[in-house]
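K.L.:
One structure, pasted below without further comment.
Protein chains in written order, with this note's numbering: chain U, 164 to 352; chain V, 4 to 74.
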C-alpha cells in the first residue's frame with residue numbers, strides 16, 4: 164500500500180519501524196508513527212500542527228509520558244568513556260537536538276542493527292490509521308499520500324497518537340481544512 | 004586542561020579497558036550520527052551517490068548499509 168507514499172511519508176514509516184525496534188516493542192503503534200512524523204524535518208504534518216500552535220516538543224513529551232519502556236541503557240557508560248577522550252556527549256546531544264529535535268541522537272542509536280531481525284508488524288490501530296490516511300488523501304482528491312495525510316489518518320483513527328493530538332486541541336475537521344489550504348498553496352507532498 | 008588532569012587522561016588511556024571502551028563508545032556515536040545524517044540527507048532529496056561522495060565511501064556501501072532503515 165506504500166506505492167503512493169511520498170518520500171517523506173515513506174521515511175516516516177521507516178523511522179516508526181526503527182523506533183519500535185529500538186524500544187524493543189513487538190509492534191509499531193500509532194505513538195511510533197506520530198513520533199516518526201515529528202522527526203522528519205520540514206514536512207507538511209508539522210506545518211499543520213503549527214497551525215494549531217502545537218509544539219513538537221510537547222507532543223513528544225506527551226508520548227514519552229505514556230511510554231512504559233525505559234530509555235536505552237549504556238549511554239551513561241558511553242558518556243564517561245567519551246569524556247575520557249575529551250568528548251562531551253551531552254554537548255553533542257544538545258547540538259544534535261537543536262537541529263533535529265529531542266531524542267534525535269537516541270533514535271538513531273541502534274545497538275546492533277542486523278537486518279535479519281526482520282520487520283516489526285504494524286499494530287492494528289496504526290495499520291488502520293495508515294489506511295485512513297489513504298482515505299483522507301482520496302477525500303481531498305490528492306493522488307499521493309504525504310505526511311499531512313498520515314497526520315489526518317492518525318487523527319481519524321484510534322490509539323495513543325489520536326489521544327495525544329486531541330488532548331492538545333488538534334481536531335480532525337480543522338486539520339482537514341488546514342491541509343487543504345496548505346496543499347492548494349504548495350503543490351507538493 | 005590542568006597538568007594534573009592531563010596526566011590523569013594520559014595514564015587512563017594506557018588502560019586498555021578504558022581506551023577500548025572509549026573507542027567503542029566513539030564508534031556507537033559515529034554510527035548514530037551517520038544514520039541520522041543519512042536519513043536527513045535522504046529526506047532532503049539527496050541521492051545515494053551524493054551521500055556516498057560526502058562520506059567518502061562507495062555508493063554501494065552506503066546504499067547496502069542504509070537502504071532498509073532509510074528511505
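All C-beta atoms in this analysis are idealised placements derived from N, C-alpha and C, irrespective of residue type, glycine included.
Being a predicted model, the structure only gives us computed values, none of them experimental.
Below 8 angstroms on the Cβ atoms is my guess for residue 288(U) versus residue 192(U); work out the distance and round it to an integer in Å.
P.N.:
In the first chain, residue 288(U) corresponds to position 125, counting from 1. In the first chain, residue 192(U) corresponds to position 29, counting from 1. With a Cβ gap of about 6 angstroms, residue 288(U) and residue 192(U) count as contacting.
K.L.:
Quick check on residue 336(U): buried or exposed, where buried means 16 or more other Cβ atoms within 10 Å of its Cβ?
P.N.:
Looking up residue 336(U) in the first chain gives position 173. Exposed: under 16 other Cβ atoms inside 10 Å.
K.L.:
Given a limit of 8 angstroms on CB to CB distance, which residues of the region 44 to 61 of chain V reach chain U?
P.N.:
45, 46, 47, 48
K.L.:
Beta carbon of residue 310(U), beta carbon of residue 245(U): below 9 angstroms?
P.N.:
By one-based count along the first chain, residue 310(U) stands at place 147. By one-based count along the first chain, residue 245(U) stands at place 82. The Cβ atoms of residue 310(U) and residue 245(U) do not sit closer than 9 angstroms to each other.
K.L.:
Quick check on DSSP: helix, strand or coil for residue 250(U)?
P.N.:
Counting from 1 along the first chain, the entry for residue 250(U) is found at position 87. Of the three classes helix, strand and coil, the one that applies to residue 250(U) here is coil, per DSSP.
K.L.:
Please classify residue 313(U) as buried or exposed, where buried requires at least 16 other C-beta atoms within 10 Å of its C-beta.
P.N.:
Working through the first chain from its first residue, we reach residue 313(U) at position 150. Burial call: buried.
K.L.:
Tell whether a beta-carbon distance below 9 angstroms holds between residue 270(U) and residue 202(U).
P.N.:
Walking along the first chain from the start, residue 270(U) turns up at place 107. Walking along the first chain from the start, residue 202(U) turns up at place 39. Cβ distance < 9 angstroms, so residue 270(U) and residue 202(U) count as in contact.
K.L.:
Note down, in chain order, each residue of its chain lying with its Cβ closer than 6 angstroms to the Cβ of residue 258(U), except the 5 sequence neighbours on either side.
P.N.:
Counting from 1 along the first chain, the entry for residue 258(U) is found at position 95. Same-chain partners within the cutoff: there are none.
K.L.:
Would you say residue 73(V) faces chain U, with C-beta separation under 9 angstroms as the test?
P.N.:
Counting from 1 along the second chain, the entry for residue 73(V) is found at position 70. Cβ-Cβ to chain U under 9 angstroms: yes for residue 73(V).
K.L.:
Leaving out five residues on either side along the sequence, give the residues of the same chain with a beta carbon under 6 angstroms from the beta carbon of residue 204(U).
P.N.:
For the purposes of this step, residue 204(U) is taken as the residue at position 41 of the first chain. Here the set comprises nothing.
K.L.:
Name, please, each residue of chain V whose Cβ falls closer than 8 angstroms to the Cβ of residue 341(U).
P.N.:
By one-based count along the first chain, residue 341(U) stands at place 178. Result: empty, since nearest Cβ-Cβ is about 22 angstroms, beyond 8 angstroms.
K.L.:
So residue 17(V) contacts chain U; which residues on that side make the cut at Cβ distance below 8 angstroms?
P.N.:
On the second chain, residue 17(V) is found 14 positions in, with the first residue counted as 1. For the C-beta of residue 17(V), not a single chain U residue is nearer than 8 angstroms; the gap to the nearest is close to 12 angstroms.
K.L.:
Which residues, taken in chain order from the region 26 to 38 of chain V, show a beta carbon closer than 9 angstroms to some beta carbon of chain U?
P.N.:
26, 27, 28, 29, 31, 32, 34, 35, 36, 37, 38
K.L.:
Under three-state DSSP, which class holds residue 341(U)?
P.N.:
The residue given as residue 341(U) occupies position 178 in the first chain. Residue state, collapsed to three classes: helix.
K.L.:
When you compare each of 283(U), 290(U), 217(U) to residue 185(U) by their alpha carbons, which one comes out closest?
P.N.:
Looking up residue 185(U) in the first chain gives position 22. It is 283(U) whose Cα lies nearest to the Cα of residue 185(U).
K.L.:
Pull up the distance between the alpha-carbon of residue 188(U) and that of residue 36(V), whole angstroms please.
P.N.:
As a first step, residue 188(U) is located in the first chain; it is residue number 25 there, counting from the start. As a first step, residue 36(V) is located in the second chain; it is residue number 33 there, counting from the start. When rounded, the distance between both Cα atoms is 23 angstroms.
K.L.:
Residues of chain V with CB under 8 angstroms from residue 118(U), in chain order?
P.N.:
The structure shown does not extend to residue 118(U), since chain U spans only 164 to 352, so no value can be given for it.
K.L.:
Checking contacts by CB at 9 angstroms: is residue 204(U) closer than that to chain V?
P.N.:
For the purposes of this step, residue 204(U) is identified with residue 41 of the first chain, where counting begins at 1. Chain V, which has a Cβ nearer than 9 angstroms to the Cβ of residue 204(U), makes this yes.
K.L.:
Kindly indicate if chain U contains any beta-carbon less than 9 angstroms away from that of residue 64(V).
P.N.:
Here residue 64(V) refers to the residue found at position 61 when the second chain is read from its first residue. Cβ-Cβ to chain U under 9 angstroms: no for residue 64(V).
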